[in-house]
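Q: Have a look at this one.
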Amino acid sequence: MRIHGLYFFLGLISFLIFTLDAKAGQVLDRITSTKTMTAAYAPGWPPVAYLDDKNELVGFDVDVGKEIAKRLGATMKPITVAWEFIESGRWGNRWDIAIGSMTPTMARAEVLDFPGIYWYSPASFAVHKNNKTIHQLNDLNGKTIGVCGGCSTEDFLNNKLQFANYGDTKPNLTIKPGLIKSYDSEGAYFDDLKLGDGKRLDAILSNLPTLLESVKTQPFRIIEQPAFYEPLAVALDKGDKELSDKVKQIITDMHQDGTLTALSKKWFNGKDWSVVGTK
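This is the structure we're talking about:
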């Protein structure tokens, strides 16, 4: 009985190992065999990912995705997915990769893999152009600040933002907001600031590329000093180490050969945000 039981146990372990190995690499295998990489995007964030006048998805993240697919020997198939579904993980093979400028936080790292950071966005404050009193970060103490609910910028203002697998894991919060107002969409708190200086908000916090686009048409002024620099990563569902390793090497190569620098300068008005610290 014991010998038979041992053989059964060893056989079961072998079966489980075989099964796990069979699952490992299945996403990479699918990309390789179909020569198609399905990439999830949450559009509406120019110049990162948005629909142009022809209703086509364009932007920095889209170009990065196309290049990753090319280096995998595939063509990128972009699909639009609600942000909350992307960051929640457990994608069920509905898409292969997400190139959505996602901050690799500790919480997200529990359900997603982040094989590579491909750019660093300055997170900055903006005020109404008629404001005369807010010119530096310290001037924001006690002020009412609008922010994207559930985003890394909200976590930052609440002093809860922690990065996963990236240098200094917690950026330094140097101000004490009076009131933090969270919004379901970026457009909503932009609209509230647009109403006038101090009407509903004293300031907003968002990523600098989006703010630079907004000041072209909105009555805003950007505070020059960034609040913090946000590492932004490619995201994968957990469970495919082969794909993760492959994408990690591709991102490394794109940094080293200047591809990310070129794409950054193309979409961010000549700025190289593929390296940290660029204003």
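In our numbering, the protein residues as written are 960 to 1238.
For glycine and all other residues, C-beta sits at the position ideal for the given N, C-alpha and C.
#1: Would you please state the rounded distance, in angstroms, between the beta carbons of residue 1160 and residue 1104? I believe it to be under 8 Å.
#2: Counting Cβ pairs, one atom from each stretch, are 3 or more of them under 8 Å apart for the region 1193-1206 and the region 1105-1121?
#3: Would you decide whether residue 1008 is buried or exposed? Buried here means 16 or more other CB atoms lie within 10 Å of its CB.
#4: So, under 8 Å CB-CB, residue 999 and residue 1099 are touching, yes? Tell me the CB distance rounded to an integer number of Å.
#5: Which same chain residues end up closer than 8 Å to residue 1001 when comparing Cβ atoms and leaving out the 5 residues on each side of it in sequence?
#6: How far does the alpha helix (DSSP H) with residue 1183 in it extend, from its first residue to its last?
#7: Measure the Cβ-Cβ separation of residue 1113 and residue 1139 and say whether it is below 8 Å.
#8: If you run the structure through DSSP and keep just helix, strand and coil, what is residue 995?
#9: Between the region 1203-1222 and the region 1085-1099, can you find at least three pairs of beta-carbon atoms closer than 8 Å?
#10: Taking just the CA atoms, how far does residue 1108 sit from residue 982?
#11: First and last residue of the alpha helix (DSSP H) that includes residue 1025?
#12: Quick one, are the C-beta atoms of residue 1174 and residue 1181 less than 8 Å apart?
#13: Is it right to say residue 940 is buried, meaning 16 or more other beta carbons lie within 10 angstroms of its own, or is it exposed?
#14: Per the DSSP calculation, residue 1061 is bridged to which residue(s)?
#15: Tell me residue 1087's beta-bridge partners as DSSP assigns them.
#16: Got a sec? Which residues, its chain only, sit under 8 Å from residue 1228 by beta carbon, not counting five neighbours each side?
#17: Going by Cα to Cα distance, which pick from 1078, 1054, 988 is closest to residue 1219?
#18: Does the beta-carbon of residue 1053 have 16 or more other beta-carbons within 10 angstroms, so that it is buried, or is it exposed?
#19: Could you check which residue in 1003, 1199, 1026, 1027 has the C-alpha nearest to that of residue 1016?
#20: According to DSSP, is residue 1233 helix, strand or coil?
#21: Just curious, the beta strand (DSSP E) that residue 1140 is in, first and last residue?
#22: With a threshold of 8 Å on Cβ separation, who are the neighbours of residue 991 within its own chain once the five nearest residues in sequence on each side are excluded?
#23: When the Cα atoms are used, what is the spatial distance from residue 1261 to residue 1223?
#24: What are the boundary residues of the beta strand (DSSP E) that residue 1037 is part of?
#25: Quick check on residue 1189: buried or exposed, where buried means 16 or more other Cβ atoms within 10 Å of its Cβ?
#26: Pop quiz: residue 1156 and residue 1087 are said to be a contact at Cβ under 8 Å. What is the actual Cβ separation, rounded to whole angstroms?
#27: For the ligand COA, any of its heavy atoms closer than 7 Å to the Cβ of residue 1094?
#28: If distances are taken between C-alpha atoms only, which option among 1018, 1011, 1233, 1073 comes closest to residue 1199?
#29: Does the Cβ of residue 1202 have 16 or more other Cβ atoms within 10 Å, making it buried, or fewer, making it exposed?
#30: With distances taken between CB atoms, is the gap from residue 1005 to residue 1018 smaller than 8 Å?
A: Working from what's here:
#1: 7 Å
#2: no
#3: buried
#4: Not a contact, Cβ separation roughly 34 Å.
#5: 1008, 1039, 1040, 1041, 1042, 1045, 1059
#6: It is not in any alpha helix (DSSP H) - residue 1183 carries neither H nor E in the DSSP assignment.
#7: yes
#8: strand
#9: no
#10: In this prediction, residue 982 scores a pLDDT of 46, lower than 50, which makes its location untrustworthy; no coordinate-derived value is stated.
#11: 1019-1030
#12: yes
#13: The question about residue 940 has no answer, for the chain in this structure spans 960 to 1238.
#14: 1192
#15: 1179
#16: 1171
#17: 1078
#18: exposed
#19: 1003
#20: coil
#21: 1138-1142
#22: 1031, 1032, 1033
#23: As displayed, the chain neither begins before 960 nor continues past 1238, which places residue 1261 out of reach and without an answer.
#24: 1034-1039
#25: buried
#26: 4 Å
#27: Among the components of this structure there are no ligands whatsoever, and the ligand COA is therefore not found.
#28: 1073
#29: buried
#30: yes
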